[in-house]
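Residue numbers (my numbering): 73 to 219. Take a look at the structure set out below.
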């Protein structure tokens, strides 16, 4: 982190946010978090064997829907720090204006909360933590909880 609270280098590109992650609006965090999670899911799906282009899309949509993201958030919630839970709360309570017709309000708010968390970790320079939470959640979604 530099003296302004911004990470020295972002994950992929040299375009830093205009403010430290903790000061960005939850919907701005969700905006970038959505894109980052989409890339993570695409990488995950491509890592699976024997998938053709159409199957890649079908498999990806199983993870990026509001319902799937809400489920993923519930699976990782016990792993979150107090600061991360605060970001989740702010993301969940953010007023986005509309809910897609293929999602219910509760799932959509939880999906926004999950995306805000990913955006917060990305812009906060916590890439290792972000990767851990995404892979942990995806692994639980695919294989179920470990006994």
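Beta carbons: idealized from backbone N, C-alpha and C, even for Gly.
Exercise. CB-CB under 6 Å to residue 195, same chain, minus the five flanking residues each way: which ones, in chain order?
Worked result: Numbered from 1 along the chain shown, position 123 holds the residue referred to as residue 195. Cβ neighbours of residue 195 beyond the five flanking positions: 89, 93.
For this session: Note the first and the last residue of the continuous alpha helix (DSSP H) segment covering residue 184.
Result: As a working note, residue 184 is residue 112 in the chain shown. Its alpha helix (DSSP H) spans residues 177-195.
Exercise. When burial is assigned at 16 or more other CB atoms within 10 Å of the CB, is residue 161 buried or exposed?
Worked result: By one-based count along the chain shown, residue 161 stands at place 89. Residue 161 is exposed by the Cβ-count criterion.
For this session: Could you say which of 185, 175, 123, 166 lies nearest to residue 148 if we only look at CA atoms?
Result: The residue labelled residue 148 in the question sits at position 76 within the chain shown. Nearest of 185, 175, 123, 166 to residue 148, Cα basis: 185.
For this session: Go ahead and pull the three-state DSSP assignment for residue 153.
Result: Sequence index remark: in the chain shown, residue 153 carries index 81 (1-based). Correct three-state label for residue 153: coil.
Exercise. Among the residues of its own chain, which have a CB less than 8 Å from the CB of residue 76, if the five just before and after it don't count?
Worked result: Here residue 76 refers to the residue found at position 4 when the chain shown is read from its first residue. Confidence at residue 76 is low in this model, with a pLDDT of 48, below 50, so the placement of that residue is unreliable and no value is reported for it.
Exercise. With residue 209 and residue 144 assumed to form a contact (beta carbons below 8 Å), what rounded beta-carbon distance in angstroms separates them?
Worked result: Here residue 209 refers to the residue found at position 137 of the chain shown. Here residue 144 refers to the residue found at position 72 of the chain shown. Rounded, the Cβ-Cβ distance is 4 Å, consistent with contact.
Exercise. Over what stretch of residues does the alpha helix (DSSP H) that includes residue 209 continue unbroken?
Worked result: By 1-based counting over the chain shown, the position of residue 209 is 137. That run of the alpha helix (DSSP H) goes 199-215.
Exercise. Comparing alpha-carbon positions, which option in 118, 142, 156, 113 lies nearest residue 198?
Worked result: Translated into the one-based positions of the chain shown, residue 198 becomes position 126. When only C-alpha atoms are compared, the closest one is 156.
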